[in-house]
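Position one of the sequence shown corresponds to residue 6 (my numbering), numbered consecutively onward. Idealized CB from N, CA, C, for every residue including glycine. This structure is a prediction, so every number in the text was calculated from the model and none was measured. Heads up: the structure comes next, in structure tokens.
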Amino acid sequence: MTVDHGLAVALRRRRYLLSAWPWRTLAYAVTTLPLAGAAALGAAVVAAPLLLVAAALRRGRPVDAGALAALAVVALAVVALAPLAGAPVAAFERWRLGLVDDRPVTAPRWRGLAARFTTTTGWREGAYLAVLGAAVPLAYGMFGLLVLLDAALVAGPWLAGGEDRIVLVWATVDSPAEAVPYAFAGLLAFPALVYLAGLLVAVQAAVTRLLLDDAPAGTALREVTRSRARLVSAYEAERRRIERDVHDGVQPRLTSLTLQLGLARLDVPDDSPVAKPLAAAHEQAKELMVTLRGIVQGIRPPQLTELGLAAAVGDLAARSVVPVTVHADLTRPVPDLVETTAWYVVSETLGNVARHAGATRAQVRLTRTDRLLVVEVRDDGRGGADPARGTGLTGLADRVAAADGRLLLSSPPGGPTLVRVELPCRP
């Protein structure tokens with residue numbers, strides 16, 4: 006089991022600078038540079054006709070029609086080939102996104118060359134190339150200037166002195182002593198630059214997910230409906246089950262125990278075999294305790310009390326017949342009712358994955374925010390889950406609704422399936 010979350014979440018944490026996220030941000034930014042450089046060449050080719058016209062107008066000269074036509078043809082060819090060129094770049098970017106965003110990214114199925122030009126997937130990947138070649142170099146360039154400016158401030162005491170004056174931002178210094186305050190300002194600005202780099206990369210990652218996370222038609226999360234009548238009926242049935250268990254199981258044993266104790270009281274003489282009925286009563290008392298324990302365990306799983314939610318879900322994953330990866334980000338305590346509901350959500354959903362999905366792997370994600378516990382269970386199975394077909398999702402929605410939460414489902418035919426549960430965590 007690993008503890009993971011995304012860069013956007015990590016930026017809001019106080020210990021961001023002391024975590025591994027700044028280094029992951031740096032790795033993502035550094036690996037962006039060669040891709041952005043290559044994409045910028047393509048953007049320059051597309052922009053070349055406009056640049057030619059702008060240069061001619063600025064100088065007051067006529068536009069070379071032949072050069073303009075040639076550049077326009079090349080630019081149109083680059084735009085037309087963008088859906089093809091975007092495919093390998095998009096595949097690499099989906100993998101690279103894991104550096105700063107641990108959530109899975111859905112990759113499109115290959116449907117042939119023609120589909121690259123007739124579906125939105127190909128053109129969205131082409132649009133990503135445009136972003137990578139135009140917006141990303143501009144943003145990284147501006148950030149690079151800030152980094153160079155900060156480096157100049159810090160290095161000011163070593164650069165100042167001698168015959169030449171050193172210009173630092175808005176001031177001119179003649180000696181190392183004059184540059185020292187600026188150096189301190191540069192050191193104090195360094196953490197802000199680290200946060201700014203994280204914000205820049207987080208925005209880039211969000212745009213990458215927006216354009217490259219291929220969500221087939223019909224995969225929008227929809228809330229599993231549940232009626233008030235069904236909710237009341239389900240929990241009334243649960244109450245009757247507990248009452249029946251107590252009546253049929255505990256009460257006869259309690260009656261037997263009472264009779265045994267009564268017999269023991271009647272055997273007052275010292276020569277009577279008191280030990281035997283007392284031993285029998287003792288054994289039945291122990292059996293009663295076992296029965297009561299079983300009833301209590303039906304209400305709250307013992308794993309939660311012994312291990313906590315993250316470890317209890319990890320135990321469910323370890324016992325699953327389908328390989329399951331668990332990502333837990335539980336930085337705050339979770340209320341008991343919410344914890345119990347989340348455990349049952351994971352248990353029931355993993356059971357459905359094993360029985361119905363035909364999946365080869367699954368992933369469970371637990372995220373605790375200020376007001377919510379979010380539980381996500383994703384599998385790579387055949388999809389097509391429908392609450393109306395009795396897959397247990399309606400009963401699960403009832404249990405979630407009882408905790409004032411909601412259950413959402415995305416399960417297009419062909420998969421993948423995502424079950425998301427949002428449970429409010431009140432103080």
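| query | Looking only at DSSP bridge pairs, what is Ser-415 linked to? | reply | Leu-423
| request: Rounded to whole angstroms, what's the CA-CA distance from Glu-292 to Val-318? Just pull it up for me. | output: 30 Å
| How about Pro-328: is its Cβ closer than 7 Å to a heavy atom in the ligand ATP? | You won't find the ligand ATP in this model; it holds no ligand whatsoever.
| Rounded to a whole number of angstroms, what is the C-alpha to C-alpha distance between Asp-409 and Thr-260? | 40 Å
| request: Could you check if Val-326 is buried or exposed, using at least 16 other CB atoms within 10 Å of its CB as the buried criterion? | output: exposed
| How would you call Trp-26, buried or exposed, if buried means at least 16 neighbouring beta carbons within 10 angstroms? | buried
| message | Out of Trp-115, Ala-347, Thr-125 and Gln-209, which one is the CA nearest neighbour of Leu-38? | response | Gln-209
| Taking the alpha carbon of Leu-216 as the point to measure from, which residue in Arg-19, Gly-91 and Met-147 has its own alpha carbon closest? | Gly-91
| task | With a cut-off of 8 Å on the beta carbons, I'd call Arg-370 and Gly-420 a contact; round off their distance for me. | result | Actually they are not in contact, since the Cβ atoms of Arg-370 and Gly-420 sit about 17 Å apart, beyond 8 Å.
| said: Excluding the 5 residues flanking Ala-15 on each side, which residues of the same chain have their C-beta closer than 6 Å to its C-beta? | reply: Tyr-21 and Trp-26
| Whose C-beta lies closer than 6 Å to the C-beta of Ala-285 among residues of the same chain, with five residues either side of it excluded? | Gln-265
| Continuous alpha helix (DSSP H) stretch holding Arg-324: start and end | 314-324
| Alpha carbon of Leu-151 to alpha carbon of Asp-341, nearest angstrom | 48 Å
| said: Assuming Asp-403 is part of the alpha helix (DSSP H), what are its boundary residues? | reply: 398-407
| field | Delimiting residues of the beta strand (DSSP E) encompassing Ala-367 | value | 367-373
| query | Thinking C-alpha only, which one of Asn-357, Arg-404, Ala-157 and Arg-366 is nearest Val-329? | reply | Arg-366
| Cβ of Glu-381 within 8 Å of Cβ of Leu-423? | yes
| request: Look up Asp-385 in the DSSP assignment and say whether it is helix, strand or coil. | output: coil
| said: Can you list, in chain order, the residues of its chain with a C-beta nearer than 6 Å to that of Gln-368? Leave out the 5 residues immediately preceding and following it. | reply: Thr-330 and Arg-383
| Whose C-beta lies closer than 7 Å to the C-beta of Gly-47 among residues of the same chain, with five residues either side of it excluded? | Val-83, Leu-134 and Gly-138
| query | Whole-angstrom Cβ separation of Leu-154 and Ala-188, contact assumed at under 8 Å? | reply | With 8 Å as the limit, Leu-154 and Ala-188 do not qualify as a contact, their Cβ atoms being about 13 Å apart.
| request: Alpha carbon to alpha carbon, how far is Pro-181 from Ala-194? Give it in angstroms, no decimals. | output: 20 Å
| query | In angstroms, rounded to a whole number, what distance separates the CA positions of Asp-320 and Ala-49? | reply | 54 Å
| Segments of 4+ residues assigned as alpha helix (DSSP H) that fall wholly inside the segment 97-127 | 118-123
| message | I'd like to confirm the pairing. Which residues does DSSP put opposite Ala-333 in its beta bridges? | response | Leu-371
| request: Identify whether Pro-338 lies in helix, strand or coil by the three-state DSSP scheme. | output: coil
| query | Using a Cβ-Cβ cut-off of 7 Å (strictly less than) and excluding sequence neighbours within five positions of Leu-4, which residues of its own chain qualify? | reply | An answer regarding residue 4 cannot be provided, because it is not within the stretch 6 to 432 covered by the chain.
| request: Report the rounded CA-to-CA distance for Val-35 versus Thr-372, giving the unit in angstroms. | output: 29 Å
| query | Cα separation between Arg-101 and Glu-183? | reply | 45 Å
| query | Could you give the C-beta distance for Leu-377 and Ala-347, rounded to a whole number, given that I count them as a contact under 8 Å? | reply | Not a contact, Cβ separation roughly 11 Å.
| message | Using only CA atoms, which one of Glu-344, Pro-418, Asp-334 and Cys-430 lies nearest to Arg-18? | response | Asp-334
| said: Using CA atoms only, rank isn't needed, just tell me which of Ala-45, Val-94 and Leu-12 is closest to Tyr-145. | reply: Ala-45
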